[in-house]
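*Asks:* Provided herewith is a single structure, encoded as structure tokens, for subsequent inquiry.
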Amino acid sequence: MTDSIFALIAEELGRIAADKGEVLPPLTADSRFLDGDLPIDSLDLATLLVVLEQRTGQDPFREGFRQFTTVGELAALYTVPA
Amino acid sequence: MTGRRPDWIHPAFRLIEGEEAFGWAEIAALPVPAGGVVQADRPSRVLAALAAAEAAGQGLLLARGAVAPNGWQPGQGFSVTLESSGTTGTPKRLRHDFDRVRGRLRGVAEEGARWLLTYDPGAFAGLQVMLTAAAAGALLVAVPNSGAGTIAALAEAARRHAVTHVSGTPSFWRAFLMALGGADLPLAAVTLGGEAADQPLLDRLAERFPHARLRHIYASTEAGALFAVADGRAGFPSAWLDQAPDGLDLRIADGVLEVRSPRAAPGAVDADGWLSTGDLVERRGDRVLFAGRLDGLVNVGGVKVSPEAVEQRLLAVDGVADAAVLAVPSPITGHLLTATIVPVPGAGEAALRAALRAATADLPPAARPRALTFADHIPLSAAGKKSRKGSQ
Numbered sequence: 001m002t003d004s005i006f007a008l009i010a011e012e013l014g015r016i017a018a019d020k021g022e023v024l025p026p027l028t029a030d031s032r033f034l035d036g037d038l039p040i041d042s043l044d045l046a047t048l049l050v051v052l053e054q055r056t057g058q059d060p061f062r063e064g065f066r067q068f069t070t071v072g073e074l075a076a077l078y079t080v081p082a
Numbered sequence: 001m002t003g004r005r006p007d008w009i010h011p012a013f014r015l016i017e018g019e020e021a022f023g024w025a026e027i028a029a030l031p032v033p034a035g036g037v038v039q040a041d042r043p044s045r046v047l048a049a050l051a052a053a054e055a056a057g058q059g060l061l062l063a064r065g066a067v068a069p070n071g072w073q074p075g076q077g078f079s080v081t082l083e084s085s086g087t088t089g090t091p092k093r094l095r096h097d098f099d100r101v102r103g104r105l106r107g108v109a110e111e112g113a114r115w116l117l118t119y120d121p122g123a124f125a126g127l128q129v130m131l132t133a134a135a136a137g138a139l140l141v142a143v144p145n146s147g148a149g150t151i152a153a154l155a156e157a158a159r160r161h162a163v164t165h166v167s168g169t170p171s172f173w174r175a176f177l178m179a180l181g182g183a184d185l186p187l188a189a190v191t192l193g194g195e196a197a198d199q200p201l202l203d204r205l206a207e208r209f210p211h212a213r214l215r216h217i218y219a220s221t222e223a224g225a226l227f228a229v230a231d232g233r234a235g236f237p238s239a240w241l242d243q244a245p246d247g248l249d250l251r252i253a254d255g256v257l258e259v260r261s262p263r264a265a266p267g268a269v270d271a272d273g274w275l276s277t278g279d280l281v282e283r284r285g286d287r288v289l290f291a292g293r294l295d296g297l298v299n300v301g302g303v304k305v306s307p308e309a310v311e312q313r314l315l316a317v318d319g320v321a322d323a324a325v326l327a328v329p330s331p332i333t334g335h336l337l338t339a340t341i342v343p344v345p346g347a348g349e350a351a352l353r354a355a356l357r358a359a360t361a362d363l364p365p366a367a368r369p370r371a372l373t374f375a376d377h378i379p380l381s382a383a384g385k386k387s388r389k390g391s392q
């Protein structure tokens, strides 16, 4: 299950948006990061990945880029400790 | 202005800018700004101002951002002055002879080419794409700057106009691939420039656009465009240290790449014609790979930023006992600046965060540190220095 990672992404994205004075629309697993749905740019997305690494201790991109477009696809790259 | 069409604009050239379409007639009808300064935010405006400045035999400043062109003089004769997007807040200006800018353009592009403008119209790379498309009579597709949605707007414009030629920074390409999703794009030419191209990205582009010519360009501010690498591998062949293409000579001195180029600006080279690029390189087998900058600048999304300069600003904020700005690798923007802050005892975190944000608010977004963490000390490297780069 990636529910807790999804919640973590929602929390941190909300914080990044709030820092810019933006309000995040309701997030779903199908929300697309850089498709204009969300008020974030590539620097914000890069920030999210750094924060996720700080909070989970995991870097799924260490061995190279892995394709993701949606919030659900990103969440699936992290493993949840049992 | 209703001037004659300049010889560097082909009669077949067309420009699409958002919802507007331009040929030479529409460009020539645009108002031309006074004083030889144009706000370089739209290609139509820049091309109109260039044509007017050439006709008037006057210099032109392509201004970016809100900085007033204090004390700038057009000077005698037609020239183009570009502003760098510096990290210190004050843009550097570099005056170029227009013929030299055009002289770097190679041959004539393929007929029916449809270019996507991914660079700022006031940047050197943006100007080159615009002039290449104009000279070839191609279609140039641009989107007016729309902040956070720019990548989405570029992907949408690329799909809608079925662009064939796209040139951008590696950071642009990473974001563009994400925004494009599964959409089919008839790309014939994929070009990377502005920062070192990494192998994983080159591999992804080759897989995503198997029919496109894939090239990465190496250029420096003083020497201009130096060479293009077309074999799909990062860096360049070690054999070029003995025999380089295009009349170039390349050598490595103390780990730094040096070049001798017939296209270098005369003032920038030593007595023997050599010029240090400031780029650190490593020779690994049959390949020379780029390994960062001698001056410690790091590339964040195509913008060169100085972690040291940003750190100095944070250290000057009230309530900060110590601060370390670190460049960590990012799969999206190449690098990202992060900061660790040691507060003085009793400093409130919320107020301190606001003060730290205010201290970097005038920097380009790429130079503002992200993911600020608070700690009770800064870890030092074995040599007793703040370690500058994040571990890979």
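Those sequence lines, one after another, are chains G and X.
Just so you know, the UniProt record's numbering puts 17 at position 17 of the first sequence, and the rest follows in order with no gaps.
Just so you know, the UniProt record's numbering puts 279 at position 279 of the second sequence, and the rest follows in order with no gaps.
Note that the Cβ used here is the ideal one computed from N, Cα and C, for glycine as well.
Mind pulling the chain X residues with CB within less than 7 Å of leucine 45 of chain G?
*Replies:* Here the neighbours are Ile332.
*Asks:* Where isoleucine 378 of chain X and valine 325 of chain X are concerned, what is the direct C-alpha to C-alpha distance, given to the nearest angstrom?
*Replies:* Between isoleucine 378 of chain X and valine 325 of chain X, the C-alpha separation is close to 10 Å.
*Asks:* Distance, Cα to Cα, alanine 287 of chain X vs glycine 235 of chain X?
*Replies:* The sequence shown places arginine at residue 287 of chain X, not alanine. One C-alpha to the other measures close to 6 Å.
*Asks:* Return the chain-ordered list of same chain residues with a C-beta closer than 6 Å to the C-beta of aspartate 249 of chain X, the five sequence neighbours on each side being excluded.
*Replies:* The answer, listed in chain order, is Arg260.
*Asks:* With DSSP as the reference, label tryptophan 240 of chain X as helix, strand or coil.
*Replies:* Helix, per DSSP.
*Asks:* Per DSSP, what are the beta-bridge partners of glycine 334 of chain X in this structure?
*Replies:* DSSP lists X:Ser330 as partners of glycine 334 of chain X.
*Asks:* Give me the Cα-Cα distance between histidine 161 of chain X and aspartate 120 of chain X, rounded to the nearest whole angstrom.
*Replies:* Cα-Cα distance, rounded: 20 Å.
*Asks:* Could you give the residue range of the beta strand (DSSP E) that holds aspartate 97 of chain X?
*Replies:* Note, aspartate 97 of chain X: beta strand (DSSP E), 93-97.
*Asks:* Determine which residues share a DSSP beta bridge with glycine 224 of chain X and list them.
*Replies:* Paired residue(s): X:Ser220.
*Asks:* Do we get a CB-CB distance below 9 Å when we pair methionine 178 of chain X with the residues of chain G?
*Replies:* Yes, contact with chain G.
*Asks:* Hey, could you find the ends of the beta strand (DSSP E) isoleucine 252 of chain X is sitting in?
*Replies:* Run containing isoleucine 252 of chain X: 249-253, per the beta strand (DSSP E) assignment.
*Asks:* Determine the burial state of residue 90 of chain G: buried for a count of at least 16 other Cβ atoms within 10 Å of its Cβ, exposed for fewer.
*Replies:* The requested residue 90 of chain G is not part of the displayed model; chain G covers only 1 to 82.
*Asks:* List, in order along the chain, the chain G residues whose C-beta lies closer than 9 Å to that of alanine 225 of chain X?
*Replies:* What alanine 225 of chain X touches in chain G: nothing, since even the nearest Cβ is about 25 Å away.
*Asks:* Count the other CB atoms within 10 Å of the CB of phenylalanine 374 of chain X; is the residue buried (16 or more) or exposed (fewer)?
*Replies:* With fewer than 16 other Cβ atoms within 10 Å, it is exposed.
*Asks:* Return the chain-ordered list of same chain residues with a C-beta closer than 6 Å to the C-beta of leucine 257 of chain X, the five sequence neighbours on each side being excluded.
*Replies:* Thr277, Asp279, Val281, listed in sequence order.
*Asks:* Could you tell me if residue 413 of chain X is buried or exposed, where buried requires 16 or more neighbouring beta carbons within 10 angstroms of its beta carbon?
*Replies:* Here chain X has residues from 1 to 392 only, and residue 413 of chain X is not among them.
*Asks:* Does any CB atom of chain G fall closer than 9 Å to the CB of glycine 301 of chain X?
*Replies:* Yes - at least one Cβ of chain G is within 9 Å of the one on glycine 301 of chain X.
*Asks:* Using the rule of at least 16 other Cβ atoms within 10 Å of the residue's Cβ for burial, across every protein chain shown, is valine 80 of chain G buried or exposed?
*Replies:* That one is exposed.
*Asks:* Could you tell me whether the region 343-354 of chain X touches the region 53-66 of chain G, using the rule of 3 or more Cβ pairs below 8 Å?
*Replies:* They do not touch, by the three-pair rule.
*Asks:* Output needed for valine 269 of chain X: all residues of its chain with C-beta closer than 6 Å, excluding positions within five of it in sequence on either side, in chain order.
*Replies:* Around valine 269 of chain X: Leu275.
*Asks:* Along the chain, where does the alpha helix (DSSP H) containing threonine 47 of chain G start, and where does it finish?
*Replies:* Per DSSP, threonine 47 of chain G belongs to the alpha helix (DSSP H) from 42-56.
*Asks:* Do you know whose CA, among X:Thr81, X:Arg93, X:Val305, lies nearest proline 327 of chain X's CA?
*Replies:* The identity of residue 327 of chain X in the sequence shown is alanine, whereas the question assumes proline. Among X:Thr81, X:Arg93, X:Val305, the Cα nearest to that of alanine 327 of chain X is on X:Val305.
*Asks:* On the three-pair Cβ rule with 8 Å, is the region 43-51 of chain X touching the region 166-181 of chain X?
*Replies:* Taking 8 Å as the limit for Cβ pairs, the verdict is that the region 166-181 of chain X does not touch the region 43-51 of chain X.
*Asks:* Assign arginine 368 of chain X to buried or exposed, taking buried as 16 or more other Cβ atoms, counted over all protein chains shown, within 10 Å of its Cβ.
*Replies:* Burial call: buried.
*Asks:* Taking the beta carbon of serine 79 of chain X as the centre, do at least 16 other beta carbons fall within 10 Å, making it buried, or is it exposed?
*Replies:* Buried.
*Asks:* Could you check where the beta strand (DSSP E) with aspartate 203 of chain X kicks off and where it finishes?
*Replies:* Segment 199-208 is the alpha helix (DSSP H) holding aspartate 203 of chain X; no beta strand (DSSP E) there.
*Asks:* Determine the direct distance from the alpha carbon of alanine 219 of chain X to that of leucine 226 of chain X, and round the result to whole angstroms.
*Replies:* Cα-Cα distance, rounded: 5 Å.
*Asks:* Does phenylalanine 124 of chain X come out as helix, strand or coil in the three-state DSSP assignment?
*Replies:* Phenylalanine 124 of chain X falls in the helix class under three-state DSSP.
*Asks:* Should the region 228-244 of chain X be regarded as contacting the region 193-213 of chain X, the criterion being three or more beta carbon pairs within less than 8 Å?
*Replies:* These segments touch.
*Asks:* Can you tell me the Cα-Cα spacing of glycine 71 of chain X and arginine 93 of chain X, whole angstroms?
*Replies:* Near 12 Å, if we compare the C-alpha coordinates of arginine 93 of chain X and glycine 71 of chain X.
*Asks:* Under 9 Å, do leucine 30 of chain X and phenylalanine 98 of chain X count as touching if we go by C-beta distance?
*Replies:* No, the Cβ-Cβ distance between leucine 30 of chain X and phenylalanine 98 of chain X is not below 9 Å.
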